[in-house]
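Residue numbers (UniProt numbering): 1 to 326. First the structure, in the form of structure tokens, and then the observations on it.
As structure tokens, this is what we get:
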């Protein structure tokens with residue numbers, strides 16, 4: 001099957017993943033991010049531009065901007081300039097990360113939420129210039145629960161290893177509902193902004209909640225990156241609800257794996273991870289096989305979605321928003 005992996009991080013110039021993409025008819029949307037454990041933004045862009053030059057049909061990317069200096073008089077003009085430059089370089093859109101809402105504080109010590117009025121000129125610029133925004137705001141709801149109450153092992157293992165990001169331990173931080181409310185306020189203030197909620201918009205635990213936002217905000221979309229296991233878990237008892245969700249919102253959901261190629265010791269390992277996830281996820285959405293997941297115990301059945309829905313989830317929706325040929 002052909003597919004666009006519309007949420008991954010190609011942070012190395014390794015070629016094994018590109019060889020795989022050519023063999024499988026796949027393309028990548030690599031997402032640059034203002035994140036502490038990635039290379040600086042400029043280096044991320046240099047890497048993906050090299051890949052895009054060598055594989056022009058297989059690679060698109062999302063640029064980003066730095067939160068450093070937020071609140072200073074120079075921050076806004078510098079940010080708009082940074083966005084202009086990365087779009088001129090070929091970026092398909094812009095990424096904003098959870099440092100807004102979960103890390104960045106202003107001079108008064110208050111957390112800077114994504115709905116902060118000082119960000120409005122950035123969102124207005126994107127909207128006026130028809131530049132899509134992909135936003136990782138908040139975290140899985142599990143992040144605010146004790147480890148033993150988390151629903152999937154991937155979250156439990158991650159937050160056990162990274163207690164600094166486990167919000168259950170940090171009551172002084174804005175809570176889960178505050179993150180979602182701030183994101184919703186952005187959608188209300190900027191209705192013409194094409195807004196992609198990464199990771200099912202951090203509402204992975206309840207497809208009904210996602211559906212409410214998709215109904216309310218016509219330019220809101222979601223990608224599936226690193227949250228498909230939550231959907232599979234819901235499908236154990238509510239398969240038809242899950243299946244109906246993907247059929248009803250087939251034009252608003254985008255496939256992505258969230259593989260980070262720099263997290264592997266060897267480039268062949270990264271390629272193998274892409275290959276395994278693409279195969280596994282395609283099986284889940286396309287077949288009615290009974291399957292298991294590495295993130296939780298229990299068996300669930302594949303969704304067996306119609307071909308036209310699969311084409312939208314895996315190719316067409318990403319192609320329309322991010323500028324791929326299909």
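Every residue gets a Cβ at the ideal spot worked out from N, C-alpha and C, and that includes glycine. Every value quoted in this text rests on a predicted model; they were computed, and no experiment measured them.
- Within the stretch 8-76, the beta strand (DSSP E) runs of at least 3 residues that lie entirely inside it are, in chain order, 26-31, 59-64.
- Here DSSP, grouped into helix, strand and coil, assigns residue 196 to strand.
- DSSP assignment within the stretch 198-246 yields the following whole beta strand (DSSP E) runs of 3 residues or more, N-terminal first: 220-223.
- Counting other Cβ atoms within 10 Å of its Cβ, residue 69 stays below 16 and is therefore classed as exposed.
- Shown here for residue 82: same chain residues with a beta carbon closer than 6 Å to its own, the five before and five after excluded, namely 65 in chain order.
- The C-alpha of residue 180 is placed about 29 Å away from the C-alpha of residue 298.
- Proximity of the stretch 107-126 to the stretch 151-159 falls short of the contact definition, fewer than three beta-carbon pairs being nearer than 8 Å.
- In this structure the stretch 84-95 does not lie against the stretch 18-27, because fewer than three pairs of beta carbons, one per stretch, are closer than 8 Å.
- In this structure residue 322 touches residue 29 by the C-beta definition: roughly 5 Å separates them, less than 8 Å.
- In this structure, DSSP gives residue 180 a helical state, which the three-state scheme calls helix.
- Per DSSP, residue 298 is not a residue of any alpha helix (DSSP H); the beta strand (DSSP E) it occupies stretches across 296-301.
- Judged by beta-carbon spacing, residue 284 lies beyond the 8 Å limit of residue 234, meaning their Cβ atoms are not closer than that value.
- Distances from the CA of residue 184 to each of 114, 139, 163 were compared; the closest alpha carbon is that of 114.
- Judged by DSSP in its simplified three-state form, residue 107 adopts coil rather than helix or strand.
- Sixteen is the threshold: when 16 or more other Cβ atoms of the shown chains lie within 10 Å of the Cβ of residue 17, as they do, the residue is buried.
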